[in-house]
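Report on the structure given below.
Protein chains: 2
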Amino acid sequence: MPSEFQLISQYFHRQRQDDSVILGIGDDAALLQIPEKEVLVATTDTFIVGRHCPERTSAYAIGHKALAVNLSDLAAMGARPRWVLLAISLPDSNEDFLREFSAGLFALADEHGVTVVGGDTTKGALSITITALGTVPRQQALTRHGAQVGDGIYVSGTVGDAGLGLQVALGKTVTLTTEQAAYCQARLDFPQPRLSLGLALRGLASACLDISDGLAQDLGHILQLSNVGADLALDQLPLSSPLKTLPPADTWQLALAAGDDYELCFTLSDENFAKLVAVDVPMTRIGTVSQALGLRLFYQGQPQDIDMTGYQHF
Amino acid sequence: MPSEFQLISQYFHRQRQDDSVILGIGDDAALLQIPEKEVLVATTDTFIVGRHCPERTSAYAIGHKALAVNLSDLAAMGARPRWVLLAISLPDSNEDFLREFSAGLFALADEHGVTVVGGDTTKGALSITITALGTVPRQQALTRHGAQVGDGIYVSGTVGDAGLGLQVALGKTVTLTTEQAAYCQARLDFPQPRLSLGLALRGLASACLDISDGLAQDLGHILQLSNVGADLALDQLPLSSPLKTLPPADTWQLALAAGDDYELCFTLSDENFAKLVAVDVPMTRIGTVSQALGLRLFYQGQPQDIDMTGYQHF
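Top line first, the protein sequences correspond to chains A and B.
Using my numbering, you'd call the opening residue of the first sequence number 1 and step up by one each time.
Using my numbering, you'd call the opening residue of the second sequence number 1 and step up by one each time.
Written out as structure tokens, the structure reads:
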């Protein structure tokens, strides 16, 4: 069986031209050059198969998604992603898994110019913890606490697709075409971190985060930390065609509470909206920041009462 | 059962005065200020109970050691430790464990001025992955590849104690007094990252690393990356009194191959040795860097042949 050093070397020690990496994998720690006048942005997330994705998820998708959820956190801060550290526990030295996993991970890393600069492989229950490091000019970082009364509330892409994809994966009865089911599963397995949008929002959005636990719960963090409330128009929620096939109550539940979409939710003044450049993902205004605390939902102007409990880890 | 947010808030969200932390726990990622003219040093290590420590290890010791092994990597780079991100998987929301674990972790973090700036709690098999971040002036970082022929080879503290502590913990027959057994178990459970020594070696040591997998295997990394060899004098190995009670062959095996001591091993010219300031841990010269590749062992001037295989993770 190959040793830890062979595993690291074979699957994770790729040469990549990156002047910011003074020293990468192969020493006690990596040495990394932060661009002048920028600050470090750091986040870590653990990915467990059967918990963060269905058991049947391919190793390639696991590699993609374990990295994507971390890059999504950097996107939400307006950071440029630069480096990742990868800690992986495996029950055994499964080379098929490692080959596919690393292919999925490096495809996404390469797409966004991210270098793997360190890691640790351990024998244990399958679990992946990635730490993603990026940089941003200090004054342009996006946080959760700056939403202002009157700002528009926006989301990127569409919401609820990953939740519907999970229902498909778990074999729950949903009446979708084969194409629609495949689309939703792809949204679940291959979330796209909205890094270009995060960069475009730098210095413009008053607050921003990524939707991991459900739009309502995640937006709630912005509202709480900004000490404001919100009015949301359910008829404005950006929905894919598979989601529109469901009864409205199911649609709203998925869109508001299912999470795992890794779209960005952000607040923006009308003045700053006008300054925003187009990026590779659509964005939709779904509501307005209000002085009255709490989150109020409307459909065709009428108040609605919906259970919006997001994902609970314990 | 408390939610993920309550758990994080209750045990890991401590206020600490640290101007370098622009934004800590509570947003998508931390925002961190790197000191001017310094570079980032980053390392990650997973800690699994039953693998990296005996099953009976206290939660307090697990918190200490999971952090210590990461800070030890920063010490080996000559870095000043600054921030950590903590990813913890727990089978259930065990508050007794979390209270003791966080007490052990924060005691060590506070001792070295380290702030916990982010984390993730997940339901899963017990596993802790810590990413430690530090900084160092670029030209003063300690690496593994600069050892020069003629340099002295040094280790800090004593070697082999943790290996002997593991034998005690596993109930293997060893003839130690109660005090000696307790000393070795403490060395196993509470390794001290040699951060002061790492700072003192900045710009002086030609190569440095920490001993995690065994002195012989770890020194081998320095030799390989520096393209040199070494002559070691077994009679010069710094040994604690418990280790000296064993037959010489057992002593050498533990000192050279058991690992887990988290002492520093480094190479230093005689000229730079004279410039070294005293720190809180003794250091001992155990050999000399040679042009002839490979590692040669001597006892009272006579060549010795000893199995020096270090820890294999798979």
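Each residue gets a CB set at the ideal place from its N, CA and C atoms; glycine is no exception.
Looking at residue i: is its Cβ nearer than 8 Å to the Cβ of residue j?
i                 : j                 : result
Glu36 of chain B  : Val136 of chain B : no
Ile315 of chain A : Ala230 of chain A : The question about residue 315 of chain A has no answer here: the residues shown for chain A are numbered 1 through 314.
Leu71 of chain B  : Leu201 of chain B : no
Leu237 of chain B : Ile286 of chain B : yes
Val279 of chain A : Gly150 of chain A : no
Val168 of chain A : Glu263 of chain A : no
Leu74 of chain A  : Gly134 of chain A : yes
Gly146 of chain A : Ala207 of chain A : yes
Gly104 of chain A : Ile25 of chain A  : no
Ser102 of chain A : Gly124 of chain A : no
Arg138 of chain B : Ile222 of chain B : no
Val116 of chain B : Phe12 of chain B  : yes
Ala79 of chain B  : Val21 of chain B  : no
Ile130 of chain B : Val84 of chain B  : yes
Leu219 of chain A : Asn272 of chain A : no
Thr46 of chain A  : Ser127 of chain A : yes
Leu215 of chain A : Cys184 of chain A : no
Leu234 of chain A : Asp161 of chain A : no
Met108 of chain A : Ala61 of chain A  : Correcting the residue identity first, residue 108 of chain A is Leu in this sequence and not Met. Against a cut-off of 8 Å, the Cβ pair of Ala61 of chain A and Leu108 of chain A comes out as no contact.
Thr44 of chain A  : Ala87 of chain B  : yes
Leu188 of chain A : Val174 of chain A : no
Ala59 of chain B  : Glu100 of chain B : yes
Leu31 of chain B  : Ala182 of chain A : no
Ala76 of chain B  : Gly157 of chain B : no
Shorter than 8 Å from the beta carbon of residue i to some beta carbon of chain B?
i                 : result
Val226 of chain A : Checking the sequence shown, residue 226 of chain A turns out to be Ser, not Val. No, its Cβ sits nowhere closer than 8 Å to a Cβ of chain B.
Gln10 of chain A  : no
Ile48 of chain A  : yes
Val289 of chain A : no
For residue i, decide whether its Cβ has a neighbour in chain A, counting only Cβ atoms nearer than 8 Å.
i                 : result
Gly328 of chain B : Residue 328 of chain B falls outside the range modelled here, since chain B spans only 1 to 314, and no answer is possible.
Ala233 of chain B : no
Ile153 of chain B : no
Asp45 of chain B  : yes
Tyr299 of chain B : no
Ser206 of chain B : no
Ser127 of chain B : yes
Please list the partners that residue i has in chain B, where partner means a Cβ-to-Cβ separation under 9 Å.
i                : result
Gln17 of chain A : Those do not exist, as Gln17 of chain A stays about 18 Å from chain B at its closest Cβ, beyond 9 Å.
Cβ closer than 8 Å: which chain A residues qualify as neighbours of residue i?
i                 : result
Met77 of chain B  : Asp27, Asp28, Ala29, Leu31
Leu209 of chain B : Asp27, Asp28
Ala42 of chain B  : Ala29, Ala30, Leu32, Trp83, Leu85, Val117, Gly118, Thr131, Leu133
Ile286 of chain B : Residues of chain A passing the Cβ test: none, with the nearest at roughly 19 Å.
Ser156 of chain B : Chain A residues near Ser156 of chain B: none, gap ~14 Å exceeds 8 Å.
Could you tell me which chain E residues have their CB closer than 7 Å to the CB of residue i, listed as they occur along the chain?
i                 : result
Thr143 of chain B : Looking at the structure shown, chain E is missing, and the protein chains on hand are A and B.
Going along chain B, which residues have a C-beta under 8 Å from residue i?
i                 : result
Val39 of chain A  : Ile22, Leu31, Leu32, Gln33, Ile34
Leu195 of chain A : Within 8 Å Cβ-Cβ: nothing; Leu195 of chain A doesn't reach chain B, min ~13 Å.
Arg138 of chain A : Ile22, Leu31, Gln33
Residues of chain A with a CB under 7 Å from the CB of residue i: which are they?
i                : result
Ser58 of chain B : Simply none; closest approach about 20 Å.
Subject >> Contact set between the stretch 251–273 of chain B and chain A, restricted to residues whose Cβ is under 8 Å from the partner >> reply: none
Original post:
Does the stretch 290–298 of chain A touch the stretch 215–234 of chain A, meaning 3 or more C-beta pairs lie closer than 8 Å?
Top reply: yes
Original post:
Hey, is the stretch 211–219 of chain B in contact with the stretch 92–106 of chain B, meaning 3+ C-beta pairs nearer than 8 Å?
Top reply: no
Subject >> Contacting positions in the stretch 65–76 of chain B - beta carbon closer than 7 Å to chain A >> reply: Asp73, Leu74, Ala76
Subject >> Residues within the stretch 87–105 of chain A neighbouring chain B, beta-carbon criterion of under 9 Å >> reply: Ala87, Ile88, Ser89, Leu90, Asp92, Ser93
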